[in-house]
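Residue numbering for the sequence shown follows our numbering, beginning at 485 and increasing consecutively. I have placed the structure first, in the form of structure tokens, so that the comments after it can refer back to it.
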Amino acid sequence: MHTVCRRCPISSIDPPVGPYDHTLGPPAAEFTLVEYGDYECPYCRAAVPVIEQVRERLGDRLRFVFRHFPLHEMHPHALAAALAAEMAALEGRFWEMHDAMYAPGPPRLSQADLAGHAETAGVRPERVLWPATQKVEDRVEAGFNAAVRSGVRGTPTLFVNGEQYRGNVTVDALTAALEQDPVVY
485 MHTVCRRCPI SSIDPPVGPY DHTLGPPAAE FTLVEYGDYE CPYCRAAVPV
535 IEQVRERLGD RLRFVFRHFP LHEMHPHALA AALAAEMAAL EGRFWEMHDA
585 MYAPGPPRLS QADLAGHAET AGVRPERVLW PATQKVEDRV EAGFNAAVRS
635 GVRGTPTLFV NGEQYRGNVT VDALTAALEQ DPVVY
């Protein structure tokens with residue numbers, strides 16, 4: 485997984501989780517895990533099964549939130565993928581598109597791939613490609629800017645119960661951090 489600076493100050497999430505977020509789990513869950521991710525990032529891809537196992541372990545006690553942080557200078561397809569996910573969200577299919585783009589194997593995020601993922605997710609392919617995606621550019625940009633304000637500098641960046649997580653991205657470490665001291669925010 486990626487390296488984190490343990491000397492850097494711990495950041496709080498801004499804005500707090502709200503109705504605009506993509507969430508799995510009960511809104512009033514005891515614990516909240518937020519991921520700022522990039523669909524082309526190999527570390528985010530490696531975190532997918534870890535987060536899934538944490539979700540299985542904690543069940544309805546956990547609310548998982550995904551927010552975009554496309555590192556488009558490093559990952560040329562990341563922004564188009566984030567926009568495609570947001571377009572799918574407009575049709576209530578965010579998680580289906582998210583799962584299709586994070587399917588096992590190397591990232592497949594070309595325009596043709598995104599169209600294929602849209603079909604898998606139950607979204608018309610033309611809805612997730614430019615110029616249709618211009619409709620959600622402001623949302624992705626606002627989310628990116630909020631991430632920067634929250635101290636996000638790379639992906640995946642995780643927030644455990646509202647505070648930036650600096651530990652190892654393993655099932656046991658994340659579960660322990662979540663169960664340590666739940667904070668309602």
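For each residue, glycine too, the CB sits at the ideal point set by N, CA and C. No experiment lies behind these values; they were computed from the predicted model shown.
Thinking C-alpha only, which one of the options is nearest residue i?
i	options	result
ALA596	TRP579, PHE578, ALA565	ALA565
ALA631	VAL518, GLU514, ASN645, TYR527	VAL518
ALA605	TRP614, HIS559, LEU574	LEU574
Compute the Euclidean distance between the alpha carbons of residue i and residue j, then round it to the nearest angstrom.
i	j	result
VAL549	ILE535	11 angstroms
PHE578	GLN664	30 angstroms
SER496	ASN629	14 angstroms
THR639	ASP498	17 angstroms
LEU598	ASP522	14 angstroms
THR617	PRO609	11 angstroms
PRO590	PHE643	26 angstroms
ALA657	LEU555	26 angstroms
PRO533	ASN652	14 angstroms
LEU542	PRO510	12 angstroms
TYR649	ALA569	25 angstroms
PRO500	THR516	11 angstroms
ALA562	THR641	16 angstroms
ALA572	GLU647	29 angstroms
ARG637	TYR520	10 angstroms
ASP583	ALA513	22 angstroms
GLY545	LEU508	The question names Gly, yet the displayed sequence has Arg at residue 545. For ARG545 and LEU508, the distance between alpha carbons rounds to 11 angstroms.
ARG611	ALA531	28 angstroms
MET585	GLY576	16 angstroms
ALA602	MET581	6 angstroms
Could you name the residues that DSSP lists as bridge partners for residue i?
i	result
LEU546	PHE515
HIS552	GLY521
LEU642	GLU519
SER634	DSSP output for SER634 lists no bridge partner at all.
SER495	Its beta-bridge partners do not exist; DSSP assigns none.
Taking DSSP as the reference, what is the three-state secondary structure of residue i?
i	result
HIS486	Legend: pLDDT at HIS486 = 39, less than 50; position of this residue unreliable, value from coordinates given subsequently. If DSSP states are grouped into helix, strand and coil, HIS486 belongs with coil.
ARG577	coil
VAL653	coil
TYR504	coil
LEU443	No statement about residue 443 is possible, as the shown extent of the chain runs from 485 to 669 and does not include it.
HIS647	First, the residue type needs correcting, since residue 647 is Glu and not His in the sequence shown. Note: GLU647 maps to strand in three-state DSSP.
ALA587	coil
VAL607	coil
MET558	coil
PRO510	coil
Short of 6 angstroms in beta carbon distance, which residues of its chain neighbour residue i, apart from the five on each side in sequence? Order them along the chain.
i	result
VAL488	Reliability of the predicted coordinates at VAL488 is poor, the pLDDT of 42 falling under 50, and the value obtained from them is presented with this limitation in mind. Correct list, in chain order: ARG650.
HIS552	ALA566, VAL624, GLY627
HIS506	PHE550, PHE578
Between residue i and the rest of its own chain, which residues show a CB-CB distance below 8 angstroms, the 5 nearest in sequence each way excluded?
i	result
THR659	VAL538, ARG541, LEU542
LYS619	MET571, LEU574
Please go through the same chain and pick out, in chain order, the residues whose beta-carbon is closer than 7 angstroms to the beta-carbon of residue i, but skip the five residues on each side of it.
i	result
ALA661	VAL644, TYR649, GLY651
LEU613	GLN595, LEU598, ALA599
GLU524	HIS559, HIS561, ALA562, ALA565, PRO591, LEU593
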